[in-house]
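I have placed the structure first, in the form of structure tokens, so that the comments after it can refer back to it.
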Amino acid sequence: MLKRLQEATGYLKEKTKGASPLIGMITGTGLGEITELMNLEQRIPYAHIPHFPIPTTESHKGNLLIGEIQGKTLMAMEGRLHAYEGYSPEEVTFPVRLMSLLGVKYLFISSAAGGLNPQLERGDLVVITDQINMTGLSALRGPNLDAFGPRFPDMTRVYDRELLRTAERIAVKQGVGLKRGVYIGVIGPNLETPAETRFYRRAGADVIGMSTVLETTVAVHCGMKVLAIIAVTNVNLPDCMQETSIEMVIDAANLAAPRLAFLWKEIALEVAAI
Ligand code: HPA
0 MLKRLQEATG
10 YLKEKTKGAS
20 PLIGMITGTG
30 LGEITELMNL
40 EQRIPYAHIP
50 HFPIPTTESH
60 KGNLLIGEIQ
70 GKTLMAMEGR
80 LHAYEGYSPE
90 EVTFPVRLMS
100 LLGVKYLFIS
110 SAAGGLNPQL
120 ERGDLVVITD
130 QINMTGLSAL
140 RGPNLDAFGP
150 RFPDMTRVYD
160 RELLRTAERI
170 AVKQGVGLKR
180 GVYIGVIGPN
190 LETPAETRFY
200 RRAGADVIGM
210 STVLETTVAV
220 HCGMKVLAII
230 AVTNVNLPDC
240 MQETSIEMVI
250 DAANLAAPRL
260 AFLWKEIALE
270 VAAI
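Shown next as structure tokens:
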């Protein structure tokens, strides 16, 4: 694994003339325009990067974007990898470890999610305060990669408190609605039954999605500071559950994307200035 990552890192270092990105971004379904927040310098197809897995989902592209914001380098994934596509946890998190080897200190994550908390509405933005990994998967299984972090990483603060405060302060200042919530990650690709939704809500989750938790766990292992803001694309309440289609999810994500992109830009500007 380490050798594969080092080969990919070597390729990217050469391709980007040794650029050292400060911020890494992973965006989800319908939220790709967030990557327009930077001055794009390079768009590198995943297929050109040694050992990089290629996403199969139609709504996801497959490029690594290198850009600049406030004089700092930002690296963003245009197209994400999900466990439901059949990728192993190691493949899903390959880009996170790659970012770490390239020097990324801050990982910004966005994704589409269902709202389990009855106070959430379709189109709401939610900053994640904590997570529950229900996928039954972990990329940390197997021999520990000591070069990245410890065998038993602490998970009391997956989402960085300071970044969380920064996001909330900027949201208030800019007049962008931002709620707080706990994210529960499931493997998918099927949506939940009403009984499952009831169970996940009682377990303490506010939003539910099919990504994020594997990547954030690896990011914590690598010592990165993580901030995740999700868009509620559908209301997922057990006792008045409505059928949800991928089109509905993409529509709602597209609706939330400009607000989210604006918020990310303001956050990235502030973090890049630190
Ligand atoms: N459940 C799981 N994943 C999702 C949902 C949902 O309701 N909406 C968007 N991603």
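If you use numbering that gives the first Met the number 0, the sequence shown corresponds to residues 0 to 273, in order.
All C-beta atoms, glycine included, are put in the ideal place defined by N, C-alpha and C.
Since the model is a prediction, treat every value here as computed from it, not as a measurement.
DSSP bridge partner residues for residue i (one or two, in chain order)
i: V126; result: R179, I228
i: T72; result: E67
i: E77; result: N62
i: I53; result: I53 is not bridged to any residue.
i: G184; result: N132, G208
i: V217; result: Answer is none; V217 lacks a bridge partner.
i: G23; result: M74, L106
i: P44; result: N62
6 Å CB neighbourhood of residue i in its chain, flanking five on each side removed
i: E111; result: Sequence inspection shows Ala at residue 111; the Glu mentioned does not correspond to that position. The answer, listed in chain order, is G27, T28, A230, T232, V248, A252.
i: G23; result: M74, M98, V103, L106
i: R200; result: L115
i: P152; result: V219, H220
i: N62; result: R42, P44, E77
Cβ neighbours of residue i in the same chain (closer than 8 Å, five flanking residues each side left out)
i: L21; result: K71, T72, L73, G102, V103, K104, Y105, V270, A271
i: N143; result: P149, R150
i: L119; result: V125, K178, G180, D205, V206, V231, V234
i: G187; result: H81, A82, Y83, M209
i: G135; result: I186
i: L262; result: L124, A166, I169, A170, Q173, V175, L177, I228
Cut-off 7 Å between Cβ atoms - residues of its own chain near residue i, not counting five sequence neighbours on either side
i: E40; result: I65, G66, E67
i: A218; result: V95, L106, V225
i: K264; result: L36
i: L274; result: The chain is shown from 0 up to 273; residue 274 falls before or after that span and cannot be answered.
Inter-residue spacing [alpha-carbon to alpha-carbon] between residue i and residue j
i: G85; j: L1; result: 21 Å
i: G222; j: M133; result: 22 Å
i: V175; j: G141; result: 42 Å
i: P192; j: Y158; result: Just to set this straight, residue 192 is Thr in the shown sequence, not Pro. T192 and Y158: Cα-Cα distance of roughly 28 Å.
i: Y182; j: R160; result: 16 Å
i: P117; j: L11; result: 44 Å
i: D250; j: R258; result: 14 Å
i: L162; j: A170; result: 12 Å
i: E195; j: P88; result: 23 Å
i: T165; j: R156; result: 16 Å
i: G9; j: P237; result: 48 Å
i: R121; j: L4; result: 38 Å
i: A18; j: A255; result: 31 Å
i: A146; j: T211; result: 22 Å
- Message: For the stretch 99 to 106 against the stretch 35 to 53, do three or more pairs of beta-carbon atoms, one drawn from each stretch, fall closer than 8 Å, so that the two count as touching?
- Response: A contact between stretches requires three or more CB pairs, one per stretch, nearer than 8 Å, and the stretch 99 to 106 fails this requirement with the stretch 35 to 53.
- Ordered list of beta strand (DSSP E) runs contained in the stretch 91 to 160, each at least 3 residues: Counting only runs of 3 or more, we get 105 to 114, 124 to 132.
- Are the stretch 205 to 213 and the stretch 122 to 130 in contact at 8 Å, needing three or more beta carbon pairs? With a cut-off of 8 Å, the stretch 122 to 130 and the stretch 205 to 213 count as touching, because enough Cβ pairs lie within range.
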